[in-house]
Amino acid sequence: MLPGEARALSVPTCSAAARCEQSPPHPCFKALICDKIRSAASSTRKAAELPGSSGPLPTGTGTGTGTGTGTGTGTGTGTGRRLLLSTPIFYANGPPHIGHLYSALLADALLRHRRLRAAGTDEHGLKIQQAAAAAGTSPAELCERVSALFRQALTRAGVAYTDFIRTSEPRHQRAVRHFWGALGDAGVLYKGSYEGWYCTPEESFLPESQLAERTDSQGRPCKVSLESGHEVHWTKEENYMFRLSAFRDPLHSWLRDNPRAIFPNSFYQCVLRWLDEDLPDLSVSRERSRLQWGIPVPGDPTQTIYVWVDALVNYLSVLGYPESHGAWWPAVHHVVGKDILKFHALYWPALLLAAGLEPPERILVHSHWTVRGQKMSKSLGNVVEPSVCMGQYGVDGFRYFLLRQGVPERDCDYYDEKVVKLVNSELADALGGLLNRSTAPSINPSNTYPRFSEPCFPKVLDCREAKGTGRACAEDYELMAAVASLPAQVDSYFQGFQIYKALECIAQCVRQTNGFFQRHRPWKLDRRDAGEQLWLDTILHVTLECLRVYGMLLQPVVPHMADKLLSRLGVGPGERGLTGLTFLARYDGKPCPFEGRQLGPDTGILFHRLGKSETVKRKQEAQVPDKQLL
């Protein structure tokens, strides 16, 4: 639920943003992803116009210099605008699940070619304190162990963050104290008595309308959260309050002037509806006697700054707030789950405005994952761990599944058979099979990028004119048109936070290309006949050109597999940019830089098919690392 809401508050029901109960609505470790983007008119490669960059992801450390997407992991200098993309702040009370990874993968794919700049965890709050006590350890030790799990999961999944910030770090605590001081100077904080039903796992007070009567394990009556099922306890204490009620009009103005500030639109509309409801002042501290694990209120050692205020400032502390954040803020895009929408779309912008800062540029919201139609829950034993899945399906296989099946506007369902069916069909069979068949020594003994024959595939204004003009048929021209328009389509979907639609378009084109290859049966053609050889080479040229485009467009999603595909085609690292991506240049009478070039070495099957027995074995083997770390 939400912090600081009075018991009488009626929380509006919004199906588009109803909380998914698979994880507590708290940040924890945060992956912030940022890069400066060269977008000067004189640049021949405007990375700002595309979801990816025109080169490989920078991996160095230090200060970047503005060339293309920059190098290094520092803030960088140079021409163009900067952009920071952040994951949610994952809560450090337990190991990561696929919901955490999904957020990080969305951020990673959106800006993979620009540069990732930060990731981190929220390590304060009563829930951390209680989880540590239950584990027989200190909060600091618990956070250290869980932080390692998140780092491991993100690194293994290929999420190339360049900073991983923890709310227990000195740089963050200093930023929080300064931010609190700014709120105090603005006169938006006051001390008042607060009471209500408090849910520790959700770190928030719940109104009566969000509670239900239940019986606990001892048979005693109790109240629980309707949404999560967690037990609540009546709490009365003196807290500092934030005058949220004073920011209704400023928030309305911000959203009215920025209709794409919250995306998808269904979540934007939901926030507008929230603004039309009651907007009570917010409790922003807790009594120190009850919550020691957190940052003390400056000047009042009896109070601890509320975990969500502490955590949200994380987005500023990673940028060097209060000194150097201005180089980046407010060019920030937050990627968050719908369960924390209210924190990021109402409370955070209001706090920023109160502190004299602008709200973030965009808030990109996604829905959550269920497992066979049920919410993920430890009690149900159905929590899906990323490390297990990556061992089961491979890193790229699991990345592809989450980004291909995840739809921001609605919850998506997970089960093992669904993953196996998808990756086998689209990665192993359709894409991998096409690469294997078109580069096999039996069909391409010279291991080269064959030449294109214009007489075999003549240029036509209308695919219906194709009949009788060459060897290509109308369906072949339809394929060519589909692949030629694919880069723009994919770019549009990335810009619209619809990666799943981009992958759907790619998968459809891959199917069409397989149809093209199967339709013309190049293995049946006689190389000894000059005419047949020209047509055979043309078929292979078109197929490899299609594969090259697919490999380049898939780089943000399945980076290792895309690299393997492009390397097999002989496409060098400097030839993999998305801006100015060409397709079948010879059809337009232009030279093709790959024609006649030697293909790269055959490094084996692009993606191995997954069998049931194999995935079970992988799953069992993959369960060991995280358990050892815990």
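Quick note on numbering: the UniProt record's numbering labels position 337 of the sequence shown as 337, and the sequence is numbered without any gaps.
Don't be surprised by glycine CBs; every beta carbon is placed ideally from N, CA and C.
Keep in mind the model is a prediction, meaning the values are calculated, not measured.
query                                                                                                           : result
Alpha-carbon to alpha-carbon, P559 and L226                                                                     : 41 Å
Distance between R174 and L291 (C-alpha atoms, nearest Å)                                                       : 19 Å
Residue environment, N265, which counts as buried when at least 16 other CB atoms sit within 10 Å               : exposed
Interface flag, G373 vs chain B, CB-CB below 8 Å                                                                : Judged by its chain identifiers, the structure shown contains no chain B, having just a single protein chain.
Among F583, Y449, A502, the one whose alpha carbon lies nearest that of P601                                    : Y449
Contact the region 404-419 vs the region 431-450: 3+ CB pairs below 8 Å                                         : no
I128, buried or exposed, once every other Cβ within 10 Å from all chains shown has been counted against 16      : Its pLDDT being 39, under 50, I128 is placed unreliably in this model, and the coordinates cannot settle the point.
Residue ranges of each beta strand (DSSP E) within the region 189-253, 3 or longer                              : 189-199, 204-206, 211-215, 221-225, 233-242
Test item: CB-CB of V336 and V318 under 8 Å                                                                     : no
From E358, K338, H172, residue whose alpha carbon lies closest to that of A331                                  : E358
Residues that DSSP places opposite G337 in a beta bridge                                                        : H366
Range of the contiguous alpha helix (DSSP H) that encloses D491                                                 : 474-495
W328, buried or exposed, once every other Cβ within 10 Å from all chains shown has been counted against 16      : buried
Check: R290 C-beta below 7 Å from any heavy atom of the ligand HEM                                              : In the structure on display, the ligand HEM does not appear, and there are no ligands present to speak of.
Environment of S103 [buried if 16+ CB atoms lie within 10 Å]                                                    : buried
Reference A428, options A562, D491, H100, V388, closest by Cα                                                   : A562
Residue nearest to G181 in terms of C-alpha spacing, selected from G326, L352, P250, W254                       : L352
Alpha-carbon spacing of G184 relative to G356, whole angstroms                                                  : 12 Å
Limits of the beta strand (DSSP E) - the one that C592 falls within                                             : Here C592 belongs to no beta strand (DSSP E), and DSSP marks it neither H nor E.
R286 versus D278: straight-line alpha-carbon distance, rounded                                                  : 23 Å
Buried/exposed call for D526, threshold 16 Cβ in 10 Å                                                           : exposed
Rounded C-alpha distance that separates I443 from W523                                                          : 6 Å
Cβ-Cβ separation, L422 to L101 (assumed contact under 8 Å), whole Å                                             : Rounded, the Cβ-Cβ distance is 17 Å, inconsistent with contact.
Spatial neighbours of I506 in its chain, beta-carbon cut-off 8 Å, leaving aside the 5 residues before and after : L486, V490, Y550, L553, L554
Environment of Q598 [buried if 16+ CB atoms lie within 10 Å]                                                    : exposed
Inter-residue Cα distance where the pair is C592 and E545                                                       : 10 Å
Pair within 8 Å by beta-carbon distance, V483 and F594                                                          : no
Simplified DSSP assignment, three categories, for S103                                                          : helix
Anticipated Cβ contact below 8 Å, Q374 with Y500, distance rounded                                              : About 22 Å; that fails the 8 Å criterion.
Where the beta strand (DSSP E) containing E287 begins and where it ends                                         : 285-287
Nearest candidate by alpha-carbon position, reference R451, set R372, Y321, F179, D537                          : D537
Counted within 10 angstroms of its Cβ, other Cβ atoms place residue 631 as buried (16 or more) or exposed       : Shown here, the chain extends from 1 to 630; a query on residue 631 therefore has no answer.
Local conformation of R527 per DSSP, three classes                                                              : coil
Cα-Cα separation between V188 and F267, rounded to whole angstroms                                              : 27 Å
For V557, three-class secondary structure by DSSP                                                               : coil
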